[in-house]
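Colleague: Under numbering that gives the first Met the number 0, read the sequence shown as residues 0 to 288, first letter to last.
Backbone N, C-alpha and C define an ideal beta-carbon position, used for all residues, glycine too.
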Amino acid sequence: MSRVAPPPAEAVERAVAAALAEDLGAAGDITTAALVPEGSWAEAILQAEEPLTAAGAAVALRVFQSLDARVSEVSAAEDGSSLGAGEALLRVRGPARALLVGERTALNLLGRLCGIATRTRRAVEQVRGTRTRIFDTRKTTPGLRLLEKYAVRCGGGENHRMGLHDMALIKENHIAIAGGVGEAVRKARRALPSGIRLQVEVTDLAGLDAALAAGADLILFDNMPLPLLKAAAERARGRAETEASGGIGTDAVGEIARQTGVDRISLGALTRGAVWADISMDLVPAQEA
């Protein structure tokens, strides 16, 4: 796969700083301070304990380097690559204290990101050969959205809007206040800056027709049964991009893609339902570089 654009450096810094502060408290790592001589060096190997899709080695490296700038990368798996059990995600060398202090924070972030990438890859593989692409949602861990959406990209998925600011998405509560699907789309279109895409959620063909007539760019089919979803996707084809969403599990995406021909399936389950990847870290003594 092509190289995945990394998450913004400031997002990585914020996540790492918050996680380390939570772990260190005011006293720091009292166990490491008591047992590990200040001048000792080591090499750390962070390895997969199960098959997974790699994501976030650079984030884990940043954990260690934020504790001691002398920590250096020995090797790292490319994000998006598939690893088997026992293969190394990251090898680093540096002061042993920094490696031990950062161990749990690095493993927590790496396990979370690899878990999301691995779950996304499974969904993407199910729709291979169809027109359908896999997208995430805003159901992310507070404070980790940009990192988790990066992990989705590592798994071959695509990002839906990053937040409330970069795309208009009219949902059922907006429609209830605005006075109907068509009126909501028209009001939003008049108010939105040029270039902002507009998506609207519909639950039936009447709502779809109103959305198309009003000029929506994307149509979100919410919790539609497969026969209705197929009919709606066919009616909208060539007039607006189509997306299925609403309680869809990763195991269902292949059938939905093949039977309905929707352009996109968005799944909160990519992030909300991802199980952390099992990753361990082993330390061996090393000479100072």
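Is the beta carbon of Ala183 less than 7 angstroms from the beta carbon of Ala177?
Modeller: Yes, they are a contact pair.
Colleague: Go ahead and pull the three-state DSSP assignment for Ala273.
Modeller: The answer is coil: DSSP assigns Ala273 none of H, G, I, E or B.
Colleague: Quick check: the region 88 to 104 against the region 54 to 70, are at least 3 beta-carbon pairs closer than 8 angstroms?
Modeller: Result yes; three or more Cβ-Cβ pairs closer than 8 angstroms.
Colleague: Are Ile247 and Ala235 close, meaning C-beta to C-beta below 7 angstroms?
Modeller: No, Cβ-Cβ distance for Ile247 and Ala235 is not below 7 angstroms.
Colleague: How would you label Gln198, buried or exposed, when you count the other beta carbons within 10 angstroms and need 16 or more for buried?
Modeller: Buried.
Colleague: Quick check: does the Cβ of Val180 come within less than 6 angstroms of any heavy atom belonging to the ligand COA?
Modeller: For the ligand COA, the structure offers nothing, since it holds no ligand at all.
Colleague: Answer with buried or exposed for Val148, where buried requires no fewer than 16 other C-beta atoms within 10 angstroms of its C-beta.
Modeller: It should be pointed out that residue 148 corresponds to Lys in this sequence rather than to Val. Per the 10 Å Cβ criterion, buried.
Colleague: Can you tell me where the beta strand (DSSP E) holding Ala167 begins and where it ends?
Modeller: Looking at the DSSP string, the run of the beta strand (DSSP E) that includes Ala167 is Ala167 to Ile169.
Colleague: Can you list the beta strand (DSSP E) stretches of 3 or more residues lying completely in the region 196 to 249, in chain order?
Modeller: Fully enclosed beta strand (DSSP E) runs of 3 or longer: 197 to 201, 217 to 221 and 240 to 244.
Colleague: Could you work out which residue in Val252, Leu269 and Leu191 is closest to Val261 when comparing CA atoms only?
Modeller: The shortest Cα separation from Val261 among Val252, Leu269 and Leu191 belongs to Val252.
Colleague: Would you list the one or two residues that DSSP bridges to Ile44?
Modeller: Paired residue(s): Arg90 and Asp281.
Colleague: Below 7 angstroms CB to CB, which residues in the same chain sit around Ser80 once its five sequence neighbours on both sides are set aside?
Modeller: The residues are Ala53.
Colleague: Roughly how many angstroms lie between the CA atoms of Thr139 and Ala150, to the nearest whole one?
Modeller: About 11 angstroms.
Colleague: Rounded to whole angstroms, what is the Cα-Cα separation between Ser71 and Ala41?
Modeller: If I take the Cα positions, the gap works out to 11 angstroms.
Colleague: I need the boundaries of the beta strand (DSSP E) containing Arg132, first residue and last residue.
Modeller: Its beta strand (DSSP E) spans residues Arg132 to Phe134.
Colleague: State the Cα-Cα distance for the pair Ala59 and Ala105, rounded to the nearest angstrom.
Modeller: Rounded to whole angstroms, Ala59 to Ala105 spans 5 angstroms at the Cα level.
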